[in-house]
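The sequence shown begins at 1 in full-length UniProt numbering and counts up one residue at a time.
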Amino acid sequence: MRIVVALGGNALARRGEPMTADRLRANVRGACQALAGLAREHEVVITHGNGPQVGLLALQNLAYQDVAAYPLDILGAETQGMIGYVIQQELSNALAGEREVAAVLTTTEVDEADPAFERPTKLIGPTYSAQDAAEAAAEYRWTIARDGGAFRRVVPSPEPLRIMQAPLVSTLLDNGTLVVCVGGGGVPVRTDSKGRQIGMQAVVDKDAASAALAADLKADMLIMLTDGDFVSQNWGTPEQRDILTASPEGLAELAFAEGSMKPKVDAAIRVARAGGRTLIGPLERLDDLMARRVGTEIRADVDGGVVYVGE
1 MRIVVALGGN ALARRGEPMT ADRLRANVRG ACQALAGLAR EHEVVITHGN GPQVGLLALQ
61 NLAYQDVAAY PLDILGAETQ GMIGYVIQQE LSNALAGERE VAAVLTTTEV DEADPAFERP
121 TKLIGPTYSA QDAAEAAAEY RWTIARDGGA FRRVVPSPEP LRIMQAPLVS TLLDNGTLVV
181 CVGGGGVPVR TDSKGRQIGM QAVVDKDAAS AALAADLKAD MLIMLTDGDF VSQNWGTPEQ
241 RDILTASPEG LAELAFAEGS MKPKVDAAIR VARAGGRTLI GPLERLDDLM ARRVGTEIRA
301 DVDGGVVYVG E
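Here it is in structure tokens:
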């Protein structure tokens, strides 16, 4: 099968951990070891987030004030190279050289008129207390939003129209190469009237971009790996119900948290409507997820729209 695997932020930087290079490598190594079996048997593309890392680079930029801070599109490219290098290396190590792995710097076309540019929602960087967040917002002119019990910077997150390098990725897959790409959703660009690409100041949602890539590649499956066992309705409440399978229409009728599960649900709906399947579940139980012992599957042919665990 041709499979796009989207690594969640927990695979790169776990909440509360220092964002050091050693921790990044250790987390990626564990993820690649879990993915090795899948990568041996299928055409696999690995995508990943970059929210914590791109925010950290932005902060590091601000510490050196002799030159203007680098814009978000260049920082996004930096994180693609940084994280892509580590995934490429650790996956090659996990496979003991059995498959060639290529990390590809990718750009994602967006619409400069996307309303997301007027309504920042994408969480990036470290968490802050209320006081520190207010001070950072005043000093750097950031937009700040709540993230659980803390606060983080938010930036625009426009919808991906297409992955510009999808034909190249498809060629690599056709020739037996495993690919790491669309890091952090890919560098957002617009195309001007002369056909030139121009970087945009935003961070594209990784799950939405992974769905766009899956559609461009005509992938059989999108797997979004998280730290939860299922997609849940009314998560964290006494009315919580875990979803086993769902059709895109059934899932679209349910409400999910804007900043956490909703991007994954929207991505799954996009893939299912294009004729593919999506699995959402825990990285550490990937074998169980593939065997349908855990996790949520979204596909077009589900009778009844939504089937809950235990039904």
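The beta carbon of each residue, even a glycine, is placed where N, CA and C say it ideally should be.
Predicted model only: the values in this text are computed from it and were never measured.
- Annotation for Tyr128: the continuous beta strand (DSSP E) segment containing it runs 122-128.
- Annotation for Gln197: the continuous beta strand (DSSP E) segment containing it runs 197-199.
- Around the beta-carbon of Asn234, fewer than 16 other beta-carbon atoms lie within 10 Å, marking it exposed.
- If you look at Arg2, you'll find it in the beta strand (DSSP E) that goes 2-7.
- The beta carbon of Cys32 is closer than 7 Å to those of Ile87, Glu90, Leu91, Ala94 in its chain, skipping five residues each way along the sequence.
- Between the alpha carbons of Gly30 and Lys194 lies a gap of roughly 45 Å.
- Secondary structure remark: continuous beta strand (DSSP E) runs of at least 3 residues inside the stretch 204-267, in chain order: 221-226, 231-233, 241-246.
- Residues of the same chain with a CB within less than 6 Å of the CB of Leu72, apart from the 5 flanking positions on each side, are Gln201 in chain order.
- A check of alpha carbon separations from Val44 across Arg23, Arg196, Gly176, Leu57 identifies Gly176 as the nearest.
- Around the C-beta of Arg152, 16 or more other C-beta atoms lie within 10 Å, and the residue is accordingly described as buried.
- Restricting attention to Ala36, His48, Ala39, the CA atom closest to the CA of Ala13 is found in His48.
- Minimum Cα-Cα distance from Ala166 among the listed residues Val101, Asp216, Gly8, Glu100 corresponds to Asp216.
- Under the DSSP assignment, Leu56 falls in the alpha helix (DSSP H) whose first and last residues are 51-63.
- If you check the CB distance, Leu222 and Val271 come in under 8 Å.
- For the pair Glu159 and Phe256, the Cα-to-Cα distance works out to about 18 Å.
- Secondary structure note for Leu72: it is in no beta strand (DSSP E), and the uninterrupted alpha helix (DSSP H) holding it is 72-94.
- For Thr171, the uninterrupted alpha helix (DSSP H) segment begins and ends at 166-174.
- Under the three-state reduction of DSSP output, Asp111 falls in the coil class, being neither helix nor strand.
- Contact between the stretch 128-142 and the stretch 204-218 is absent: fewer than three C-beta pairs spanning the two stretches fall below 8 Å.
- Nearest to Thr107 by C-alpha distance, out of Glu258, Pro126, Gly76, is Gly76.
- Here Phe117 is not bridged, per DSSP, to any residue.
- For the pair Gly149 and Glu41, the Cα-to-Cα distance works out to about 42 Å.
- In terms of Cα proximity to Pro120, the closest of Arg299, Gly276, Val203, Pro188 is Val203.
- For Leu279, the uninterrupted beta strand (DSSP E) run begins and ends at 277-282, by DSSP.
- By the neighbour-count criterion, in which 16 or more other beta carbons inside 10 Å mark a residue as buried, Glu139 falls on the exposed side.
- Note: Leu178 is bridge-paired with Val101 in the DSSP secondary-structure output.
- Counting every other CB atom within 10 Å of its CB across the protein chains shown gives Thr143 a total below 16, marking it as exposed.
- Per DSSP, the unbroken alpha helix (DSSP H) holding Glu41 starts and ends at 21-41.
- By the neighbour-count definition (other C-beta atoms within 10 Å, threshold 16), Arg277 is a buried residue.
- If you ignore the 5 residues before and after Gly84, its C-beta comes within less than 6 Å of the C-beta of Ala103, Val180, Gly183, all in its own chain and listed in chain order.
- DSSP lists Asp147 as the beta-bridge partner residues of Ala150.
- Here Glu139 carries a helix assignment [DSSP, helix/strand/coil].
- For the 8 Å CB-CB criterion, Glu297 and Thr237 do not form a contact.
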